[in-house]
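Enquirer: Got a structure for you, written out below as C-alpha cells; questions coming shortly.
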Amino acid sequence: MSDYLVNAASKPAMRKVMQSMGIPTPTQLARAEGAYQEKFLDGQRVVVGAGKNAAARHVIQQTLAGTGADVVEANAEDDNKYDALVFDATGMTAARDLRALYEFFHPIARQLTRNARVVVLASDPDAMETLAGATAARAVEGFTRSFAKEIGKFGSTVNLIYVAPGAEDRAAGPLRFFLSDHSTFVDGQALTVKATGQMPAEIPTTQPLAGKTALVTGGARGIGAATAERLAAEGAHVVCLDIPQDQDTLEQTVGEFGGTALPLDITDDNAPRQIADFMKEKFGGVDIVVHNAGVTRDKTLANMPEHYWDMVMAINLEAILAVDGVLTDEKIINEHGRVICLCSIGGIAGNRGQTNYGTTKAGLIGFVQRQADAQAARGVTFNAVAPGFIETRMTAEMPFGVREGGRRLSSLGQGGTPRDVAETITFLATPGAGGCSGNVLRVCGQSLIGA
Ligand code: NAD
C-alpha cells in the first residue's frame with residue numbers, strides 16, 4: 001500500500017471503496033485530542049474481573065468510579081459490547097490459578113468494541129516469595145502479549161501492570177493511562193509499579209503538571225516538539241533546547257504554547273553547567289527532564305567511519321550522562337522530579353546498520369535502571385520510552401518497502417505519531433506515575449520487531 005492509499009484509508013468514503021476492493025485498511029485508531037479529562041470513560045461499559053487481592057480490587061473500583069465508567073457484569077449470552085476490561089491477577093500463586101484468565105476473558109472475547117482497552121494487573125514476579133508464585137505472575141505477561149496480538153487488528157490494546165507488594169494504590173495512574181485513548185499506540189506492554197521511593201502527597205488527574213517546569217532537549221521539532229506541546233497542555237512551563245543553528249524553528253515551536261527557547265548544543269563542554277544555571281536561576285530548578293535529542297548515522301560496522309561512531313555516542317549517550325550528572329548531583333532536579341530518556345527498539349532488539357545507535361540506546365536502559373534506585377529517596381523517577389515505527393521526517397525518508405514493512409509489522413498494523421510518543425512521556429511525567437521507575441515502555445503498536 002502506497003502512502004497515497006494510507007492517507008486515503010483514513011477517509012471514511014475511500015475506506016469503504018478500498019474494503020470492497022479487498023485492499024487491507026488498518027483500523028482507525030481512537031486518539032485523545034485534548035488534555036486529560038476527569039471523566040474520560042463517561043458512559044463506557046467496563047467489566048471488572050476482580051481477584052483475591054482486596055487492595056487491588058479497591059484501587060480498580062476507586063479509579064473507575066472517578067472516570068464515569070459504567071461498570072457492568074459480563075453477560076456472554078447477549079450481544080452487548082464492552083469498551084474496556086480490567087482483570088486483577090495479582091492474587092495468583094500457582095499455575096492452576098491462571099485458569100481464571102481463560103474463565104474471565106474467553107466468554108466475552110468477541111464482545112469488545114473497536115479501540116477497546118484491556119488492562120491486566122499481576123504481581124511483580126521478582127517480588128514473589130515462592131517459585132510457583134513467580135512462575136504464575138510471569139505467565140500473565142505471555143497471556144497479555146498474545147491476547148494483544150489477537151485484538152490489535154480492531155485497534156484494541158492489552159497492557160499489563162506488574163504490582164509489587166504494597167504498591168497497589170500506585171497502580172491508579174497507570175490504570176487510568178492504559179484505559180484512556182492517550183495510550184493508543186502502547187500495546188502488549190508490561191509496566192512495573194513499586195512501593196519504593198516517595199510519592200507526592202497530591203495526585204491530580206487533570207492539569208497534573210500545573211506549576212511544574214520541564215526541559216525537553218531536541219525540542220524544536222518531531223517527538224520533542226510534540227512532547228513539549230503535550231507537557232504544556234497539562235500545565236507545565238516548558239523549556240525547549242535545541243542546537244543554535246535551529247533557533248528560528250525552536251522559537252516558532254515554543255511560541256505555539258508559550259514556552260522558553262534555550263539554543264544550545266548539548267555536546268558543548270560547558271552545556272551541563274549552562275543548563276543547570278539556566279534552570280536554577282530562571283525557575284529555581286526543574287521538575288521534568290526529557291532527554292530527547294538524538295541522531296542516527298547508519299552504516300554497517302565494517303563501513304562505519306569513525307566520526308559516525310563518535311557523533312552518535314557524544315549526542316545520544318555521553319551528553320545525557322554529563323547533563324544528568326550536574327542536574328542530579330546539585331539537586332537541580334526537584335523532589336518528585338521525572339527524568340525520561342528516548343530509547344529505541346534498536347536499543348532492545350538491535351538493528352542492522354545501527355551498532356552505534358543501538359549501543360547508545362541500550363546504554364540508556366542501563367542508565368535509567370541504575371538511577372531509578374539511586375534517586376528513589378528523593379522521589380525522582382527515571383524511565384525510558386522506546387518508540388517503534390513513528391511517522392516522522394526520519395521514517396518518511398526510508399525506502400518504500402522498509403517503510404511499509406515497519407508499519408505493517410505490528411499488532412495495530414500501522415505507524416504511530418510523534419504525539420503517541422509524547423502521550424507516554426507525558427504520562428511518565430505526571431505525579432500519578434510516581435510508582436513507575438526503571439521501566440522501559442515501548443510505544444510501538446506491539447511491533448513484532450524486538451517483541
Ligand atoms: P528529529 O531529528 O526530528 O529531532 C531531534 C532533534 O534533536 C532535532 O531538532 C535536532 O536538532 C536535535 N539535536 C540533535 N543533536 C543535538 C544536539 N547536539 N544538541 C541539541 N539538540 C540536538 O528526531 P525524532 O524522530 O523526533 O527523534 C527524537 C528522539 O526519539 C531521538 O532520541 C530518537 O533517537 C528517538 N527515536 C525516534 C524514533 C522515530 O521513529 N522517529 C524511533 C525511535 C527512537
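The UniProt record's numbering numbers the first residue of the sequence shown as 1 and each following residue consecutively.
Heads up, the beta-carbon is just placed ideally off N, CA and C, and yes, glycines get one too.
All values derive from a computational prediction rather than experimental measurement.
Quick check: is any heavy atom of ligand 1 less than 8 Å from the C-beta of S344?
Expert: Under cutoff, so the answer is yes.
Enquirer: Is P208 near ligand 1, with its Cβ less than 8 Å from a heavy atom?
Expert: False, no ligand heavy atom lies under 8 Å from that Cβ.
Enquirer: Kindly indicate which three-state DSSP category M1 falls into: helix, strand or coil?
Expert: Legend: pLDDT at M1 = 42, less than 50; position of this residue unreliable, no value from coordinates given.
Enquirer: Contact defined as beta carbons within less than 8 Å: I believe I449 pairs with V421. What is the distance between those atoms, to the nearest angstrom?
Expert: Not really, about 16 Å apart at Cβ, beyond 8 Å.
Enquirer: So, with DSSP's three-state summary, where would you put V59?
Expert: V59 falls in the helix class under three-state DSSP.
Enquirer: Beta carbon of T392, beta carbon of S437: below 9 Å?
Expert: Against a cut-off of 9 Å, the Cβ pair of S437 and T392 comes out as no contact.
Enquirer: Can you find a heavy atom of ligand 1 that lies under 8 Å from the Cβ of L121?
Expert: No, ligand 1 has no heavy atom inside 8 Å of this Cβ.
Enquirer: Let me make sure I understand the geometry here. Which of F367, W309, G284 has the alpha-carbon closest to that of residue 453?
Expert: The structure shown does not extend to residue 453, since the chain is modelled only from 1 through 451, so no value can be given for it.
Enquirer: Enumerate in chain order the residues of its own chain whose CB-to-CB distance from Y36 is below 6 Å, with the five nearest sequence positions on each side excluded.
Expert: Taken in chain order, the residues that qualify are T206.
Enquirer: Are A195 and G173 close, meaning C-beta to C-beta below 9 Å?
Expert: No.
Enquirer: Which residue wins for smallest C-alpha separation from residue 532, given the options S411, A271, G258?
Expert: Lying outside 1 to 451, the shown extent of the chain, residue 532 is not represented and no answer is given.
Enquirer: Take V239 as the anchor and find which of A233, D248, A228 has the nearest alpha-carbon.
Expert: For V239, the nearest C-alpha among the options comes from A228.
Enquirer: Just to confirm the assignment, what range does the beta strand (DSSP E) spanning N356 have?
Expert: Unbroken run through N356 is the alpha helix (DSSP H), 355 to 374; no beta strand (DSSP E).
Enquirer: Need the endpoints of the alpha helix (DSSP H) that G406 sits in, please.
Expert: It spans 400 to 408 - the alpha helix (DSSP H) in which G406 sits, taken as one unbroken run.
Enquirer: May I ask whether a heavy atom of ligand 1 can be found less than 8 Å away from the beta carbon of F278?
Expert: Because no heavy atom of ligand 1 lies under 8 Å away, the Cβ of F278 does not count as near it: no.
Enquirer: Of all the options Y162, P387, A74, which has the alpha carbon lying nearest to the alpha carbon of I223?
Expert: Answer by Cα proximity: P387.
Enquirer: Would you please state the rounded distance, in angstroms, between the beta carbons of T27 and K149? I believe it to be under 8 Å.
Expert: About 14 Å separates the two Cβ atoms, so there is no contact after all.
Enquirer: So is Q354 buried or exposed if we call it buried at 16+ other beta carbons inside 10 Å?
Expert: Buried: at least 16 other Cβ atoms inside 10 Å.
Enquirer: What does the Cβ neighbour count give for L301, buried or exposed, with the cut at 16 atoms within 10 Å?
Expert: Exposed, by the Cβ-count rule.
Enquirer: Which partner residues of V48 appear in the DSSP bridge assignment?
Expert: In the DSSP output, where bridge partners are listed per residue, V48 has V86.
Enquirer: Taking Y82 and Q111 to be in contact with their CB atoms under 8 Å, please state how far apart those CB atoms are, rounded to whole angstroms.
Expert: Correct: roughly 6 Å between the Cβ atoms.
Enquirer: S123 bridges to which residues according to DSSP?
Expert: DSSP, once it has assigned bridges, lists V163 as partnering S123.
Enquirer: Would L215 pass as a contact of V120 if the rule is Cβ separation under 9 Å?
Expert: Not in contact: L215 and V120 (Cβ atoms no closer than 9 Å).
Enquirer: Quick check: what's the CA-CA separation for G256 versus V47?
Expert: The question names Gly, yet the displayed sequence has Glu at residue 256. Approximately 40 Å between the Cα atoms of the pair.
Enquirer: Looking at I60 and ligand 1, is the gap between the Cβ and the nearest heavy atom below 8 Å?
Expert: No, the beta carbon of I60 sits no closer than 8 Å to any heavy atom of ligand 1.
Enquirer: Kindly indicate which three-state DSSP category G222 falls into: helix, strand or coil?
Expert: Note: G222 maps to helix in three-state DSSP.
Enquirer: Taking 9 Å as the threshold (C-beta atoms), are I340 and V385 in contact?
Expert: In this structure, I340 lies closer than 9 Å to V385 by Cβ.
Enquirer: Would you say I266 touches ligand 1, meaning its beta carbon is less than 8 Å from a heavy atom?
Expert: It does: the Cβ of I266 is within 8 Å (strictly closer) of some heavy atom of ligand 1.
Enquirer: Between L241 and ligand 1, is there a pair consisting of the residue's CB and a ligand heavy atom that are separated by less than 8 Å?
Expert: Yes.
Enquirer: Would you please state the rounded distance, in angstroms, between the beta carbons of residue 457 and V158? I believe it to be under 8 Å.
Expert: Residue 457 cannot be examined here, being either before or after the span of the chain that is shown, 1 to 451.
Enquirer: Count the other CB atoms within 10 Å of the CB of F177; is the residue buried (16 or more) or exposed (fewer)?
Expert: Buried is the call here.
Enquirer: What residue range does the beta strand (DSSP E) around I288 cover?
Expert: Taken as a continuous stretch (DSSP letters only), the beta strand (DSSP E) holding I288 covers 286 to 291.
Enquirer: In or out: M394 buried (at least 16 other Cβ within 10 Å) or exposed?
Expert: Its Cβ having fewer than 16 others within 10 Å, M394 is exposed.
Enquirer: Which same chain residues end up closer than 7 Å to A32 when comparing Cβ atoms and leaving out the 5 residues on each side of it in sequence?
Expert: Only S180, D181, H182 meet the Cβ criterion.
Enquirer: Which residue comes first and which comes last in the beta strand (DSSP E) that contains L441?
Expert: 440 to 443 is the span of the beta strand (DSSP E), which, as asked, contains L441.
Enquirer: What distance in whole Å lies between the Cβ atoms of G218 and A293, which are believed to be in contact at a cut-off of 8 Å?
Expert: Contact flag correct, Cβ pair sits at about 3 Å.
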